[in-house]
Structure formats: structure tokens, C-alpha cells
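A short write-up of the structure that comes next.
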Amino acid sequence: MRRLKINIKNLSKSFGKKNVLKKLNLKIYESESLAIIGESGSGKSVLTKCIDGLLDYDSGFVSYEEVENVKKLNSKNKNAYMSKFGILFQNAALFDSLTIEENLRFAKKDCNFSKILSDVSLPKSILSEYPSNLSIGVQKRVGLARAILKEPEILILDEPTTGLDPIIGSQIILLIKKLVKKNKITTITVTHDMESVYEFSDYTAFIKNGDISWYGKSKDILKSKNKALINFINGIY
Numbered sequence: 036m037r038r039l040k041i042n043i044k045n046l047s048k049s050f051g052k053k054n055v056l057k058k059l060n061l062k063i064y065e066s067e068s069l070a071i072i073g074e075s076g077s078g079k080s081v082l083t084k085c086i087d088g089l090l091d092y093d094s095g096f097v098s099y100e101e102v103e104n105v106k107k108l109n110s111k112n113k114n115a116y117m118s119k120f121g122i123l124f125q126n127a128a129l130f131d132s133l134t135i136e137e138n139l140r141f142a143k144k145d146c147n148f149s150k151i152l153s154d155v156s157l158p159k160s161i162l163s164e165y166p167s168n169l170s171i172g173v174q175k176r177v178g179l180a181r182a183i184l185k186e187p188e189i190l191i192l193d194e195p196t197t198g199l200d201p202i203i204g205s206q207i208i209l210l211i212k213k214l215v216k217k218n219k220i221t222t223i224t225v226t227h228d229m230e231s232v233y234e235f236s237d238y239t240a241f242i243k244n245g246d247i248s249w250y251g252k253s254k255d256i257l258k259s260k261n262k263a264l265i266n267f268i269n270g271i272y
């Protein structure tokens, strides 16, 4: 039986006169991988930032297990809530002036990093390197290692294959898939890469006009009769 992890109800968020999310509803289940897709500017990243507490929403609520409304948490409890998330940012978001070891210690201070580096298929010798000396694919692996080191309950992946060639992108997705299944992490992926959606995600939510236009199993996307979704995956806008 699927166990509800996060419940999003009537969520709205605006920036000035621009309404980005409009009474959006979505349920996220434990240990499942959810892909969030949609056109650029449709609100995918805004939604994940409302979920993980980086943005306050205007109305509606995000509930998480025993937390009825994330927006109403005090600072101490908000920090505790946010610590449940690991995030792999689109550009890896490593600190250029710090070595890889120093970057990883932001997630976990007391660790020799051998296991996590092995998990992401990187040698321990990389610890003394600086991000600027590494390819974007290796930086993504380091970013993933940092996110996993926090032992998160929920992992948010922001365009994990952007900027990568198809071969490296496929390697990153297979690596993420292995780690997520191994650690039973609930995963939310924002992506334009439909190949990674089919390969990695259990379910997909398609955002259109500030709400979820289609939700279902990723394997059923091509069977959908939702015209907006079909146009999106075929690159027709």
C-alpha cells in the first residue's frame, strides 16, 4: 500500500501580478520517484521550493506526515523540516573556492567519504581537487554525493541531466536510480529530459497553467489523451 509522504492542497504562489501556482493539488508518496515536468516558467521549481521550505506560499498548504502546514512552522521546526531534504542543484552548486572534501563537509563533517565516493563512482583522490578542475558530469556526481550524505528522507533533483551529453546523462540517471532504490529515498525530479522520466520515475506530474494537468504512472504517459501533455513531450507549444 502506498504511504502518503507529502500532501499539497490548493497551493497558490504569486510574484507581483504573476500567478505561478493556482490552487495546485498533488500527493507525493514515500519511497517513490516523482517527476515534475512542464514548460519553462510553468512553476516546477517554484513548486519544489514551496515543498522544501525555501519559499513561503501565499495560500493552501503543504503537509508532511505529522506537520499539518509547513508554512506555520516556527524557525526551529522549519529548520528541522528543511533538514529532511537533500538537493542536487541544476549546476551542482559547489563552492568554487573550496576543495571537494570541504564541499562535502558542509553536509557531514565527520566522515572519510570513502563509501559515498564509491557509491557515485569517484576516486578518493578527488577530495583534494577544486570544482573548476572537474567536468560538469563529475561535479554533478559530487553534488549528488553531498545531497546523499545528509541521509535525506526526500531528495530533490533539479534538472539532473542538463548540460550533460546523452551518455554522461544516462550514467547519472542510472547512478541516481541505484542510490535512491538502495536508500529508499522519496525523490522529486524537475526535468525536461523525457528519457530520464521513463527510465527513473515511478510517477509523473505535468504542470500547465499553474496546476497539475496530468498525473499518473510514467509508463502510461504515451497512452495519455491529454493534448497539452502530448504536445509537450513532442515539443509542440
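When we follow my numbering, the leftmost residue of the sequence shown carries the number 36, and every step to the right adds one.
Every residue, glycine too, gets a C-beta built ideally from N, C-alpha and C.
All values derive from a computational prediction rather than experimental measurement.
In chain order, what residues of the same chain lie with their CB nearer than 7 Å to the CB of residue i, ignoring the 5 residues before and after it?
{"i": "residue 245", "result": "54, 55, 56, 57, 59, 78"}
{"i": "residue 162", "result": "134, 135, 136, 148"}
{"i": "residue 232", "result": "70, 72, 226, 239, 253"}
Do residue j and residue i have their beta-carbon atoms positioned less than 8 Å apart in this structure?
{"i": "residue 221", "j": "residue 189", "result": "yes"}
{"i": "residue 166", "j": "residue 193", "result": "no"}
{"i": "residue 43", "j": "residue 81", "result": "no"}
{"i": "residue 67", "j": "residue 228", "result": "no"}
{"i": "residue 100", "j": "residue 143", "result": "no"}
{"i": "residue 217", "j": "residue 235", "result": "no"}
{"i": "residue 74", "j": "residue 267", "result": "yes"}
{"i": "residue 139", "j": "residue 181", "result": "yes"}
{"i": "residue 90", "j": "residue 146", "result": "no"}
{"i": "residue 83", "j": "residue 202", "result": "no"}
Tell me where the alpha helix (DSSP H) around residue i begins and ends.
{"i": "residue 7", "result": "Residue 7 is absent from the structure shown; the chain starts at 36 and stops at 272."}
{"i": "residue 139", "result": "135-140"}
{"i": "residue 204", "result": "201-218"}
{"i": "residue 81", "result": "79-87"}
{"i": "residue 111", "result": "110-117"}
{"i": "residue 248", "result": "No alpha helix (DSSP H) contains residue 248, which is instead part of the beta strand (DSSP E) from 246-252."}
{"i": "residue 232", "result": "229-235"}
DSSP on residue i, reduced to helix/strand/coil?
{"i": "residue 160", "result": "helix"}
{"i": "residue 241", "result": "strand"}
{"i": "residue 129", "result": "coil"}
{"i": "residue 144", "result": "coil"}
{"i": "residue 96", "result": "strand"}
{"i": "residue 167", "result": "helix"}
{"i": "residue 255", "result": "helix"}
{"i": "residue 91", "result": "coil"}
{"i": "residue 71", "result": "strand"}
{"i": "residue 273", "result": "The displayed coordinates of the chain run from 36 to 272. Any statement about residue 273 would go beyond what the structure contains."}
{"i": "residue 151", "result": "helix"}
{"i": "residue 268", "result": "helix"}
By Cβ distance below 8 Å, which residues in the same chain neighbour residue i in space, the five residues on each side in sequence not counted?
{"i": "residue 87", "result": "117, 120, 122, 189, 191"}
{"i": "residue 207", "result": "172, 175, 176, 179, 195, 196, 199"}
{"i": "residue 92", "result": "46, 47, 48, 56, 85, 106"}
{"i": "residue 263", "result": "241, 243, 248, 249"}
{"i": "residue 113", "result": "88, 105"}
{"i": "residue 109", "result": "none"}
Go to residue i, then tell me how far its beta strand (DSSP E) extends in each direction, as first and last residue.
{"i": "residue 54", "result": "53-64"}
{"i": "residue 46", "result": "39-50"}
{"i": "residue 225", "result": "221-225"}
By Cβ distance below 6 Å, which residues in the same chain neighbour residue i in space, the five residues on each side in sequence not counted?
{"i": "residue 63", "result": "40, 41, 69"}
{"i": "residue 258", "result": "none"}
{"i": "residue 37", "result": "64"}
{"i": "residue 204", "result": "196"}
- Query: Below 8 Å, can you find three or more Cβ-Cβ pairs linking the stretch 109-125 to the stretch 148-161?
  - Reply: no
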